[in-house]
Every structure is written in C-alpha cells, then in structure tokens.
Amino acid sequence: MKLGNIYLNYKWWLGLSGVVILFISLVYTNYLATQLAEGERDKIDLISKAFEAINQEDDNLDADLTFQSYVIEKNSSIPLILADENDNIIFAVNFRGDRNSDMEYLERQLERIRADGNEPFIINTAQSPRQYIYYKHSLVLQLLTYFPIVQIILVGAFVVLGFLGFSAARKAEQNRVWAGMAKETAHQLGTPINAIIGWIEVMDSITEKDDEDKQEIIEELRKDVNRLELIADRFSKVGSSPELNKQDLTEVIPPIIDYMKRRAPRQVQFRFEMDSQGVYTSKINKHLFEWVIENLIRNSLDAMGEKGLILVEMSHPDKRVVIEVSDSGKGIPTGKFKEVFKPGFSTKKRGWGLGLSLARRIIEEYHRGKIYVKSSTPDEGTTIAIELPGA
18 MKLGNIYLNY KWWLGLSGVV ILFISLVYTN YLATQLAEGE RDKIDLISKA FEAINQEDDN
78 LDADLTFQSY VIEKNSSIPL ILADENDNII FAVNFRGDRN SDMEYLERQL ERIRADGNEP
138 FIINTAQSPR QYIYYKHSLV LQLLTYFPIV QIILVGAFVV LGFLGFSAAR KAEQNRVWAG
198 MAKETAHQLG TPINAIIGWI EVMDSITEKD DEDKQEIIEE LRKDVNRLEL IADRFSKVGS
258 SPELNKQDLT EVIPPIIDYM KRRAPRQVQF RFEMDSQGVY TSKINKHLFE WVIENLIRNS
318 LDAMGEKGLI LVEMSHPDKR VVIEVSDSGK GIPTGKFKEV FKPGFSTKKR GWGLGLSLAR
378 RIIEEYHRGK IYVKSSTPDE GTTIAIELPG A
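If you read the sequence shown in my numbering, its first letter stands for residue 18, the second for the next number, and so on.
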C-alpha cells in the first residue's frame with residue numbers, strides 16, 4: 018500500500034472515530050438531559066402537592082405539616098414562582114442573587130417561563146382561589162443543554178489536531194525521502210562527473226590548439242560538466258537549511274536564459290522583459306533558484322517541441338518580485354493547475370513528475386514565496402508565476 022494511501026486511511030479512520038464519539042456522546046447527553054428534566058418536573062409536582070396540603074390544612078392547627086415543609090425547603094436548585102389566578106406573584110425561590118424579592122425581575126421571568134410553554138402545576142385550595150407553580154430548569158440542566166456545543170467543539174478540535182498531526186508527520190517523512198533521494202543522486206553523479214572531467218582534459222591535451230572547432234566543442238563540454246557539478250551541488254543542498262543571500266535577479270536570470278537558448282531548437286525564440294524602473298532584489302539561494310528557472314524553461318521546451326516562444330517577464334508590485342515564464346506550448350487543462358505540482362504528476366511518458374513538485378518546495382519552503390499556474394489554455398500556452406519577497 019502506498020504511503021499516501023496509508024495516511025489517507027488514517028485520516029478517514031480518525032474522522033470516523035470523531036463522528037462516532039460525537040454521536041455516542043450526544044445521544045448519552047440527550048438521555049441525561051431528558052432524565053434530569055423528568056426528575057425536575059417530578060420534584061416540582063411533589064412540591065406543588067406539599068403547597069396544596071399546607072393550604073388545605075390552614076384551619077387545622079393540629080395538622081403535622083413537617084414533611085410538606087421539608088419538601089419545599091429542600092428545593093435548592095430549581096427556580097420556581099408561586100402565583101395566583103391573576104398572575105400576582107406570592108412567592109419565589111432559587112433565583113440568582115437577591116432577585117427572589119425583585120418583583121419586576123420576577124414578572125419578566127414569569128413571562129419567559131410561560132412563553133417557553135412549561136405547563137404550570139395547579140394548587141387547589143379549600144377556601145382561596147387556585148394558585149399556580151411556574152418553574153424553570155435548574156442551572157445544571159441549562160448547562161447540560163449547552164454541553165453538546167462544547168462536545169462538538171472538542172471533538173472538532175480533536176479531529177483537526179489529528180489531521181494536522183498526521184499531515185505534519187507525512188510531510189516530515191516526505192521531506193526525509195526527498196532529502197535522501199537528492200543526496201543519493203548527488204553522490205551517484207559525483208563519480209561519472211569526475212570521470213567526464215578527466216576525459217575532457219585528455220581530449221584537450223591531444224587536440225591542436227589552432228583547431229577552433231574542436232576547441233569550441235571542448236569548451237562547451239566543460240560548460241556542461243560545470244553545469245552537472247552545479248546540479249549535483251543543488252541536489253546535495255536539498256533537505257538542508259539553504260543559505261539565502263540578497264541577489265539582483267536581473268543578473269541571475271539572463272545567464273540562465275542564454276544557457277538554455279544555446280541548447281534549445283533553433284526555431285524556439287526566447288524573450289526577456291522587465292520594467293526598467295523596478296528594483297529586482299530578493300534573498301535567494303542562487304543555485305536552487307537557478308534550478309527552478311531552468312526547470313520551468315525545460316518544461317516549456319518539452320511542451321512546445323521544435324518551435325515556439327518562451328517569454329520570461331519580471332515585475333515588482335507591492336515590495337514583491339514576480340517572475341513569469343510563459344510558453345506557446347500545449348497548455349494545461351484548467352482542472353490540473355494545482356495537480357501539476359504534486360509528486361508523480363507528469364504529461365511525459367517517461368517523466369517522474371518531480372520537477373514542479375521540487376520547484377514548489379524550493380520556492381515556498383526555502384524562499385517563503387509562491388509558485389502557481391497563472392494561466393493556461395490548451396494548445397495555446399501556459400504562464401507559471403513565481404512570487405518572491407523583495408529585499
């Protein structure tokens with residue numbers, strides 16, 4: 018099973034576990050709230066009967082009302098209001114602070130209780146008109162009704178932190194794989210590069226100095242070998258903390274274009290444009306940044322074939338440096354703009370799909386910039402933009 022699929026499965030299981038935990042917790046919380054609500058209503062029913070018994074025994078001085086008084090006094094959590102038929106408040110208890118005697122506040126509470134639809138308990142008396150007990154849920158039950166929201170937040174935080182943890186672990190493992198591959202590639206390139214350098218020196222020693230054609234070939238071979246050494250050096254730096262230095266990009270990019278132009282088909286045109294008023298300095302690792310530009314131009318050449326136009330433009334908006342590489346190649350479908358930067362994505366039969374992925378890593382993680390497909394039209398061309406902080 019692929020590493021990405023393993024992490025994807027973990028994420029699905031993590032999300033599913035969070036949903037199951039939340040569902041069970043909500044069901045149980047709802048059950049507790051229902052049981053508490055029923056218990057409170059039973060308690061108020063008992064209190065109403067106690068009031069009724071006391072009222073009916075007002076004229077009987079010998080009646081033992083100890084139990085009824087005890088029932089009423091033991092209610093220390095459920096706010097209730099005793100009112101007559103005209104809603105005149107007779108008695109109130111368990112309202113916060115000193116509000117038990119605040120008639121204006123109690124009248125508002127009575128209106129709210131009646132608006133909530135809680136049916137009052139009727140107290141029948143022998144001589145006086147009916148009385149009614151209105152009540153609202155205790156603070157514990159009120160807090161319990163808000164607990165599902167707390168649960169949703171906690172489970173959501175658990176799932177999000179789990180996702181972030183898995184993503185961070187996956188990213189760290191990918192970084193280790195990238196660094197290992199890059200360093201191993203640099204190591205493997207070292208031996209053949211040194212051998213090629215030796216053979217070039219042998220060719221130079223046996224070639225007549227006045228043979229300009231052969232000397233030119235040898236010089237171009239030296240440049241290519243130097244480029245290979247540079248590539249190996251770039252690969253060896255992947256995974257380590259790159260050293261960023263302030264560079265003028267107007268001096269960095271043109272030599273790359275010239276190098277690629279000499280190795281491109283003759284019918285491919287290159288153009289470099291920029292606003293002469295701008296200041297194009299940024300902190301970069303020169304070797305890694307050059308590789309990114311080379312990779313973009315090489316992709317453009319592959320997309321165009323034997324002829325076309327490659328345009329490199331630079332602008333300087335809002336203290337940023339923007340480099341755009343455009344071509345007149347095959348283009349990228351709209352839905353693939355983000356996918357082209359994923360490892361393994363390639364339109365070439367033998368492509369590894371690592372170039373743009375590594376380019377994004379270099380620009381976004383090392384240089385704190387952005388790289389993205391700005392625009393692309395099938396069979397017309399593509400523009401890829403790089404944004405770097407100015408320096």
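The beta carbon of each residue, even a glycine, is placed where N, CA and C say it ideally should be.
Length of the line joining the Cα atoms of residue i and residue j
i           : j           : result
residue 100 : residue 86  : 18 Å
residue 18  : residue 57  : In this prediction, residue 18 scores a pLDDT of 44, lower than 50, which makes its location untrustworthy; no coordinate-derived value is stated.
residue 111 : residue 35  : 39 Å
residue 211 : residue 179 : 48 Å
residue 20  : residue 250 : Confidence at residue 20 is low in this model, with a pLDDT of 48, below 50, so the placement of that residue is unreliable and no value is reported for it.
residue 259 : residue 200 : 14 Å
residue 175 : residue 90  : 44 Å
residue 246 : residue 334 : 35 Å
residue 208 : residue 218 : 16 Å
residue 168 : residue 405 : 43 Å
residue 196 : residue 261 : 18 Å
residue 94  : residue 155 : 6 Å
residue 287 : residue 181 : 44 Å
residue 67  : residue 88  : 7 Å
residue 171 : residue 191 : 30 Å
residue 264 : residue 394 : 33 Å
Minimum C-alpha distance to residue i - residue among the options
i           : options            : result
residue 237 : 399, 170, 221      : 221
residue 358 : 372, 351, 345      : 372
residue 157 : 52, 196, 318, 40   : 52
residue 30  : 108, 102, 65, 183  : 183
residue 159 : 384, 96, 103, 204  : 96
residue 203 : 131, 244, 294, 163 : 244
residue 350 : 342, 398, 386, 328 : 398
residue 348 : 295, 320, 139      : 320
residue 141 : 396, 194, 71, 374  : 71
Residue i burial status per 10 Å Cβ neighbour count (16 or more: buried)
i           : result
residue 308 : buried
residue 344 : buried
residue 153 : buried
residue 69  : buried
residue 401 : buried
residue 311 : buried
residue 32  : exposed
residue 271 : exposed
Cβ-heavy atom distance, residue i to the ligand HEM, below 6 Å
i           : result
residue 373 : Summarising the ligand content, the structure contains no ligands, and the ligand HEM is consequently not present.
Extent of the continuous beta strand (DSSP E) to which residue i belongs
i           : result
residue 297 : Element bounds for residue 297: n/a, residue is neither H nor E.
residue 138 : 138 to 140
residue 344 : 337 to 344
Delimiting residues of the alpha helix (DSSP H) encompassing residue i
i           : result
residue 376 : 372 to 377
residue 268 : 266 to 279
residue 122 : 120 to 132
residue 319 : 303 to 321
Given 8 Å, three or more beta-carbon pairs between the segment 390 to 400 and the segment 282 to 297:
In this structure the segment 390 to 400 does not touch the segment 282 to 297; the number of beta carbon pairs closer than 8 Å is below three.
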